[in-house]
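Everything below concerns the one structure shown next.
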């Protein structure tokens, strides 16, 4: 009787900028982490993800393929990025052509336990804790709720 297929966690094939801090254990692979970033423990950042300079990704967050996060951002604890919208009525099951991308601008703060579906978020946005972002955010401001809605405009 053979054991299960094992995929050890770790850090491999990552393009790190200067001054990056990573608290292990983490699962980082095939991604790009900009200068002076912080990556908290129990975080997974998948291949082809780009994290801009001076961005902090707190513990227990999941950043899937097709996500780019700008500079000077904050990703709170337990934030989940989603790239599969179940467009075919269920999981894409490896059919990456069904996945969609997420683009997060600069100076965006995402509160703990938020879920970010495939969207575009402009610069200078705050997303409240526990929010679910289901649509593009095209105006700078503070958003919260499920689905996330504009609370106040950024001045």
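In this note's numbering, the protein residues as written are 6 to 160. Even for Gly, the Cβ is constructed at its ideal location relative to N, Cα and C. These numbers were taken from a predicted model, which means no experiment stands behind them.
Environment of residue i [buried if 16+ CB atoms lie within 10 Å]
{"i": "residue 93", "result": "exposed"}
{"i": "residue 11", "result": "exposed"}
{"i": "residue 89", "result": "buried"}
Residues near residue i in its chain [Cβ-Cβ closer than 7 Å; skip 5 each side]
{"i": "residue 86", "result": "67, 68, 69, 72, 107, 121"}
{"i": "residue 96", "result": "89"}
Residues near residue i by beta carbon distance below 8 Å, same chain, minus five either side
{"i": "residue 139", "result": "122, 124, 152, 153"}
{"i": "residue 81", "result": "63, 66, 114, 115, 116, 117, 118, 119, 134"}
{"i": "residue 145", "result": "127, 128, 129, 130, 158, 159"}
Closest residue to residue i among the options (Cα-Cα distance)
{"i": "residue 53", "options": "148, 115, 20", "result": "20"}
{"i": "residue 45", "options": "97, 109, 117", "result": "117"}
{"i": "residue 113", "options": "100, 148, 102", "result": "148"}
{"i": "residue 51", "options": "14, 143, 109, 156", "result": "14"}
{"i": "residue 60", "options": "27, 101, 156", "result": "27"}
beta-carbon residue i near the ligand MG non-hydrogen atom, thresh 7 Å
{"i": "residue 100", "result": "Absence of the ligand MG is noted for the structure shown, with no ligands found whatsoever."}
Limits of the unbroken beta strand (DSSP E) element including residue i
{"i": "residue 32", "result": "32 to 34"}
Nearest-angstrom beta carbon gap, residue j and residue i [assumed within contact, 8 Å]
{"i": "residue 57", "j": "residue 78", "result": "7 Å"}
{"i": "residue 55", "j": "residue 41", "result": "About 15 Å; that fails the 8 Å criterion."}
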